[in-house]
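*Asks:*
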Ligand SMILES: Cc1cc2nc3c(=O)[nH]c(=O)nc-3n(C[C@H](O)[C@H](O)[C@H](O)COP(=O)(O)O)c2cc1C
Ligand code: SF4
Ligand code: FES
């Protein structure tokens, strides 16, 4: 196909996409995002290919992004014309042959599908996609995707195409209504109208700060200068968060389309996507997507014959958390060490090479095409009052259903953790959830009814951040978590300002001491007052929000700090200097596994007799507890 | 290490990026891609050929965590120390690797086989605790798995 210049061209491209999106023959999709690959999805894909070739089956085999429910990886979906999509979870290489048997015979008696998709709403084209109208009796017992607790409360706007399209195939993206919003924007909207629509939508930046996107675009549009830039922040530095990775890997065109629309509205002709060094697959898929868009004329000169030109360059980060900060990121794109600059110079006026630059997060950009397609009002009706739309969260840590979830804002923590996440594993109790990465805080179990929106999280002493939600149970020590974040911040502070460089280090030392049983009276108060001065005296938001992990844990878990300092005890049983492993005589069967596995050989006992731990030699690594099948090891 | 080869690699890479000053990070990444670390000589070549002070090249090379000025081992072990992995016991896992290999994080074993690094989140948080070995992700790692994982790589060497 040549360049796409008219609506008709776009329709033709969509038609081409439909041929592989819903082929007239059986289609098998494998989720090959990073989490799928880690579970062995590539081997499964290769095995499927081999098996189909061997049996000379005419099956369309395709790769796709992630559906978010990582416990099902590797996930394989089978789509037969006129029938519901069937999703098989945990399909390892050895299950490929039986799966193909089933596909050929039409049975589902062996491997049970985890869910089925009968139909779904195409958000952009505003039509229902029906996979199967008549549901055969044997499928009735398989839950529909939206009957699964994990998906019931989700609304996938940013993730609309992840797990459905082949991210390496631009035509499939177009077949889902992709680049139609761009066509609409370029052919029938003025830049002001676009910005108005984004403003009406109430969209706030998904990168953490929650700044209104429309307002940012308007300032950058108004800024003086012939050359302007739009940038996508794909640095995703918050540890425990991987929403942006999933989007960049699974639906790169949604980001690119958003950026072209934004660039047109702002008046920029060059764009950058800054991607984290740890995400090689995201870089590869984005690179491919940019090249495909260029080939079809959706990037480059005179897009859709509008006279508007725009192109994108992919920049790889090099592993510095602070480079996620807007000014540092821009300095890094200039090819320098990414130190932040003073904020009184706004980047929308003077960003990269002192030219007006508009930076938005990956997820922010991915929402833009939907807003243009459906209108700002439609978007504003979703979610909460001052936090419209949805937010993608990575629900991880001590939670049953781990994965990526996209929910309307305003949903409560309880709904996310219990209804979607299925609660805490092993019957342990929920203690806190950490949001906002190193700039955020820990929200305690008491606040479980808190609605999840920008303002409520802020009031609770945390913040939305980019969307990491790390769930903690009663075996997580909150002082240790604070120490952990300070260890992180000590190594990631760029060192430009003294309060952050020295202050964070001093706070780390205090926390380290507390965790090692050397805490002193007055430490808590000292941490609080230091936290306040660091927040006040730092140049960028890294230092400005650095004290949050300590302040929020002191606020909600002061007793735990006191136990460490006054009683020299770690109630959660984490801080090595304060704990002791021992063996319960009534539970120990004398199987000897712990003695064999202990790395320092400090456990002894005769076979079938109660074992004991030599406390002098024990390094408190907890391996014994990990391997004991009888719960005979306790830590106190 | 062959000085001539390093100089050539550095020169070629610089040319590939048109001596563009804004591409120094990419140039360093490419060179590190070849050698697994940044040889001193390469940094000098960049400084001379691109006419930037050596101190600036070093500033960049030391600012970003992914660059290493020390040669790395044949196998790269990266322990995720992100929040999700920390909650699932990453600190104990790092400890055990240190113990088994007899090195600390950031170091390379004497035989040049393994380099142990800590990274902050590999984006596979739902599979915590995660370890990446030569680019391959090991999900749900337990302390007790570690000797077995290392054995596999050591065995390969003997062959
Ligand atoms: C230390 C620090 C790290 C940050 N890391 C990220 C990041 O990894 N990804 C991101 O999108 N925003 C990050 N931000 C926020 C950005 O500075 C910026 O506000 C955001 O990218 C703007 O996009 P948005 O308005 O669409 O949210 C970080 C901020 C700070 C202070
Ligand atoms: S607050 Fe910290 S990270 Fe930010 S500029 Fe200052 S020293 Fe650097
Ligand atoms: S926290 Fe370890 S992979 Fe994200």
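Protein chains in written order, with the numbering used here: chain A, 1 to 636; chain B, 1 to 159. Quick reminder that beta carbons are idealized off the backbone N, C-alpha and C, glycines included. Here the structure is a predicted model, which is why all the values come from computation and not from measurement.
1) Is it right to say residue 224 of chain A is buried, meaning 16 or more other beta carbons lie within 10 angstroms of its own, or is it exposed?
2) Tell me whether residue 323 of chain A, by its Cβ, gets closer than 8 angstroms to a heavy atom of ligand 3.
3) May I have all residues whose beta carbon comes closer than 6 angstroms to any heavy atom of ligand 2, sorted in chain order?
4) Along the chain, which unbroken stretches of the alpha helix (DSSP H) at least 4 residues long are found entirely within the segment 216-269 of chain A?
5) Please specify which runs of the beta strand (DSSP E), each continuous and at least 3 residues long, are wholly inside the segment 153-204 of chain A, giving them in chain order.
6) Mark residue 78 of chain A as exposed unless 16 or more other C-beta atoms lie within 10 angstroms of its C-beta, in which case mark it buried.
7) Is any heavy atom of ligand 3 found at a distance shorter than 8 angstroms from the C-beta of residue 240 of chain A?
8) Put residue 316 of chain A into one of helix, strand or coil per three-state DSSP.
9) Quick one, are the C-beta atoms of residue 392 of chain A and residue 243 of chain A less than 9 angstroms apart?
10) With which residues is residue 300 of chain A paired in a DSSP beta bridge?
11) Distance, Cα to Cα, residue 212 of chain A vs residue 24 of chain B?
12) Buried or exposed: where does residue 34 of chain A fall if 16 or more other Cβ atoms within 10 Å of its Cβ makes it buried?
13) Which residues, in chain order, does the segment 56-71 of chain B contribute to contact with chain A at a C-beta distance below 7 angstroms?
14) To the nearest angstrom, how far is it from the Cα of residue 597 of chain A to the Cα of residue 471 of chain A?
15) In whole angstroms, what separates the C-alpha of residue 36 of chain A from that of residue 125 of chain B?
16) Is residue 387 of chain A a contact residue of ligand 1, with contact defined as CB to any heavy atom under 8 angstroms?
17) Just to confirm my understanding: we take residue 131 of chain B, look at its own chain, exclude 5 residues before and 5 after, and list those with CB closer than 6 angstroms. What are they?
18) May I ask you to list the residues that DSSP assigns as paired with residue 127 of chain A?
19) Which chain B residues sit within Cβ distance under 9 angstroms of residue 321 of chain A?
20) Quick one: residues in its chain with C-beta nearer than 6 angstroms to the C-beta of residue 57 of chain B, no 5 flanking neighbours on either side, listed in chain order?
21) Roughly how many angstroms separate the alpha carbons of residue 538 of chain A and residue 557 of chain A, rounded to a whole number?
22) If contact means a Cβ-Cβ distance below 9 angstroms, which residues of the segment 326-351 of chain A contact chain B?
23) Residue 149 of chain B lies in the alpha helix (DSSP H); which residues open and close that run?
24) From the DSSP output, which residues share a beta bridge with residue 28 of chain A?
25) Taking 8 angstroms as the cut-off, does the CB of residue 90 of chain B come closer than this to any heavy atom belonging to ligand 3?
26) In terms of alpha-carbon separation, which member of A/154, A/162, A/380 and A/409 lies closest to residue 420 of chain A?
27) Let me see if you follow: with CB-CB separation under 9 angstroms, is residue 185 of chain A close to chain B or not?
28) So for residue 80 of chain B, helix, strand or coil by DSSP?
29) Hey, how far is the Cα of residue 61 of chain B from the Cα of residue 32 of chain B?
30) Of the residues that make up the segment 76-97 of chain B, which ones have a beta carbon closer than 7 angstroms to any beta carbon in chain A?
31) Tell me the residue span of the alpha helix (DSSP H) that contains residue 431 of chain A.
32) Closer than 7 angstroms, Cβ to any Cβ of chain C: which residues of the segment 105-139 of chain B, in chain order?
33) Given 8 angstroms as the limit, is there contact between the segment 346-355 of chain A and the segment 366-374 of chain A, that is, 3 or more CB pairs closer than that?
34) What does the alpha-carbon distance come out to for the pair residue 59 of chain B and residue 50 of chain B?
35) From which residue to which residue does the beta strand (DSSP E) around residue 132 of chain B run?
36) Return no unless some Cβ of chain A is closer than 9 angstroms to the Cβ of residue 49 of chain B.
*Replies:* According to the structure shown:
1) Walking along the first chain from the start, residue 224 of chain A turns up at place 224. The Cβ neighbour count for residue 224 of chain A, taken over all protein chains shown within 10 Å, is under 16; the residue is labelled exposed.
2) Within the first chain, the letter at position 323 stands for residue 323 of chain A. No, Cβ of residue 323 of chain A sits at least 8 angstroms from all heavy atoms of ligand 3.
3) Every residue with a CB closer than 6 angstroms to a heavy atom of ligand 2 is listed here in chain order: A/322, A/340, A/493, A/494, A/495, A/496, A/497, A/500, A/501, A/538, A/539, A/540, A/542 and A/543.
4) Annotation note: the segment 216-269 of chain A contains the following uninterrupted alpha helix (DSSP H) runs of length 4 or greater, listed N- to C-terminal: 243-250 and 252-266.
5) Entirely contained in the segment 153-204 of chain A, not one beta strand (DSSP E) run reaches 3 residues.
6) The residue you call residue 78 of chain A lines up with position 78 of the first chain. Buried, by the Cβ-count rule.
7) As a working mapping, residue 240 of chain A is identified with position 240 in the first chain. Distances between the C-beta of residue 240 of chain A and the heavy atoms of ligand 3 include at least one below 8 angstroms.
8) On the first chain, position 316 is the one that residue 316 of chain A refers to. Here DSSP, grouped into helix, strand and coil, assigns residue 316 of chain A to strand.
9) For the purposes of this step, residue 392 of chain A is taken as the residue at position 392 of the first chain. For the purposes of this step, residue 243 of chain A is taken as the residue at position 243 of the first chain. Using a Cβ distance threshold of 9 angstroms, residue 392 of chain A and residue 243 of chain A count as a contacting pair.
10) Numbered from 1 along the first chain, position 300 holds the residue referred to as residue 300 of chain A. Residue pairing by DSSP puts residue 300 of chain A in a beta bridge opposite A/310.
11) For the purposes of this step, residue 212 of chain A is taken as the residue at position 212 of the first chain. For the purposes of this step, residue 24 of chain B is taken as the residue at position 24 of the second chain. In this structure, the CA atom of residue 212 of chain A is about 34 angstroms from the CA atom of residue 24 of chain B.
12) Taking the first chain and counting its residues from 1, the one referred to as residue 34 of chain A is at position 34. Residue 34 of chain A should be labelled buried.
13) Near chain A, meaning a CB-to-CB distance below 7 angstroms, the residues of the segment 56-71 of chain B are 59, 60, 63, 64, 65, 66 and 67.
14) Residue mapping note: residue 597 of chain A aligns to position 597 of the first chain, counting from 1. Residue mapping note: residue 471 of chain A aligns to position 471 of the first chain, counting from 1. Each residue's Cα considered, the two are about 29 angstroms apart.
15) Sequence index remark: in the first chain, residue 36 of chain A carries index 36 (1-based). Sequence index remark: in the second chain, residue 125 of chain B carries index 125 (1-based). C-alpha separation (whole angstroms): 12 angstroms.
16) For the purposes of this step, residue 387 of chain A is taken as residue 387 along the first chain, with counting starting at 1. Checking the 8 angstroms criterion, the Cβ of residue 387 of chain A is out of range of every heavy atom belonging to ligand 1.
17) Along the second chain, read from residue 1 onward, the residue named residue 131 of chain B stands at position 131. Residues 79, 138 and 141 of the same chain have their beta carbon placed closer than 6 angstroms to that of residue 131 of chain B, with the five preceding and five following residues left out of the count.
18) Position 127 of the first chain holds residue 127 of chain A. Its beta-bridge partners are A/122.
19) Taking the first residue of the first chain as 1, we reach residue 321 of chain A at position 321. Residues of chain B passing the Cβ test: 65 and 120.
20) Along the second chain, read from residue 1 onward, the residue named residue 57 of chain B stands at position 57. Cβ neighbours of residue 57 of chain B beyond the five flanking positions: 43, 46 and 47.
21) Along the first chain, read from residue 1 onward, the residue named residue 538 of chain A stands at position 538. Along the first chain, read from residue 1 onward, the residue named residue 557 of chain A stands at position 557. Answer to the nearest angstrom: the Cα atoms are 26 angstroms apart.
22) Within the segment 326-351 of chain A, the residues whose Cβ lies closer than 9 angstroms to some Cβ of chain B are 332, 333, 334, 335, 336, 337, 338 and 339, listed in chain order.
23) Counting from 1 along the second chain, the entry for residue 149 of chain B is found at position 149. Residues 146-158.
24) As a working mapping, residue 28 of chain A is identified with position 28 in the first chain. Residue 28 of chain A is bridged by DSSP to A/61 and A/78.
25) In the second chain, the residue the question calls residue 90 of chain B occupies position 90. Within the cutoff, so yes.
26) By 1-based counting over the first chain, the position of residue 420 of chain A is 420. The alpha carbon of residue 420 of chain A has as its nearest neighbour, out of A/154, A/162, A/380 and A/409, the alpha carbon of A/154.
27) Reading the first chain from its first residue, position 185 is the one you call residue 185 of chain A. Using a Cβ-Cβ cut-off of 9 angstroms, residue 185 of chain A does not count as an interface residue toward chain B, since no Cβ of chain B sits closer than that to its own.
28) As a position in the second chain, residue 80 of chain B is number 80, starting the count at 1. In the three-state reduction of the DSSP assignment, residue 80 of chain B falls in the strand class, which pools E and B.
29) Reading the second chain from its first residue, position 61 is the one you call residue 61 of chain B. Reading the second chain from its first residue, position 32 is the one you call residue 32 of chain B. Approximately 10 angstroms between the Cα atoms of the pair.
30) From the segment 76-97 of chain B, only 82, 83, 84, 86, 87, 92, 95 and 96 have a Cβ closer than 7 angstroms to chain A.
31) Indexing the first chain from 1 puts residue 431 of chain A at position 431. For residue 431 of chain A, no alpha helix (DSSP H) encloses it; the enclosing beta strand (DSSP E) starts and ends at 430-435.
32) As a matter of chain content, chain C is missing from the structure shown, whose protein chains are A and B.
33) Judged by Cβ distances under 8 angstroms, the segment 346-355 of chain A makes no contact with the segment 366-374 of chain A, as fewer than three pairs qualify.
34) Taking the second chain and counting its residues from 1, one reaches residue 59 of chain B at position 59. Taking the second chain and counting its residues from 1, one reaches residue 50 of chain B at position 50. Answer to the nearest angstrom: the Cα atoms are 15 angstroms apart.
35) As a position in the second chain, residue 132 of chain B is number 132, starting the count at 1. 131-133 is the extent of the beta strand (DSSP E) around residue 132 of chain B.
36) One-based indexing of the second chain puts residue 49 of chain B at position 49. So no, residue 49 of chain B is outside the interface.
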